[in-house]
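Sequence positions in the sequence shown follow the working numbering and run 1 to 175.
Ideal Cβ placement from N, Cα and C applies to all residues, glycine included.
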Amino acid sequence: TVGDIESLPFLEAVRQLKVEAGPENALSIHVTLVPYIDTAGELKTKPTQHSVKQMREIGIQPDILLCRTKTPLSRATKDKIALFSNVRVEAVISAIDVSCIYELPLHFHAEGVDELICERLNIWSRSPDLAAWHRIVDRFKKPARGTVKIGVVGKYVHLRDAYKSLHESLVHGAL
């Protein structure tokens, strides 16, 4: 998180890397939040604007913004974020909440993130074949029938995320 004292050494390392590698060899992607306020019925861009401002104060100008949000960003919202963060409007990406993390590469491909990265770093690439990835997502969303019982014995089983990595490993292994 930008602004947290714990992250400063890492952000400084990123800043130095971008300087040493040169702009043609380094790219910064900033993940930020664009919350939807139910009572107002709108997305709020101020947290993103402030976050980018803090990044720039540290010396890092983001090249791409991945905007975490519940709903896709409208063109007007992307224009506003681009204007106030000094990022190309094409580089303001809706990182919508998805039901399965494996959907994100497909979503980012649809938003053109891969093309932006290749263009910015001057990397040639042909169109990806995402058929196998689509099958993984389909398997996750529609698992095979049948159940397997797995017992977990531990001290903190009553806490939802205490064994999150174990749970995710089992899910991943089942794909």
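Residue i - partner residues in DSSP beta bridges
i: HIS30; result: LEU65
i: LEU170; result: DSSP output for LEU170 lists no bridge partner at all.
i: LEU43; result: TYR36
Cβ-based neighbour list, residue i, same chain, cut-off 7 angstroms, excluding 5 preceding and 5 following
i: ILE136; result: TYR102 and LEU175
i: ALA91; result: ASP63, ILE64, LEU65 and LEU116
i: MET55; result: VAL2, HIS30 and PRO62
i: LYS141; result: CYS100
i: PRO72; result: SER94 and ILE96
i: VAL98; result: LEU104 and HIS107
i: ARG15; result: ILE58, GLY59 and ILE60
i: VAL7; result: According to the sequence as given, residue 7 is Ser; it is not Val. So the qualifying residues of the chain are THR1.
C-beta atoms of residue i and residue j nearer than 8 angstroms
i: THR128; j: ASP114; result: Correcting the residue type first, residue 128 is Pro in the shown sequence and not Thr. A contact, by the Cβ cut-off of 8 angstroms.
i: GLU20; j: ASN122; result: no
i: TRP124; j: PRO105; result: no
i: GLY154; j: ALA144; result: no
i: LEU130; j: VAL152; result: no
Neighbourhood of residue i by C-beta, 6 angstroms cutoff - its chain only, sequence neighbours within 5 removed
i: LYS80; result: THR45
i: ASN158; result: Looking at the sequence shown, residue 158 is not Asn but His. Result list for HIS158: empty, nothing under 6 angstroms.
i: LYS18; result: ALA26
i: GLN49; result: PHE84
Cut-off 8 angstroms between Cβ atoms - residues of its own chain near residue i, not counting five sequence neighbours on either side
i: LEU27; result: ASP63, ILE64, ILE117, ARG120 and LEU121
i: LEU170; result: ILE150
i: ASP4; result: none
Review point. Does the stretch 63-70 touch the stretch 27-47, meaning 3 or more C-beta pairs lie closer than 8 angstroms?
Key: yes
Review point. How do the stretch 49-64 and the stretch 84-97 stand: do at least 3 beta-carbon pairs fall below 8 angstroms, yes or no?
Key: yes
Exercise for review: For the stretch 55-134, list the alpha helix (DSSP H) runs that are entirely contained and at least 4 residues long, ordered along the chain.
Suggested key: 75-85, 104-111 and 113-120
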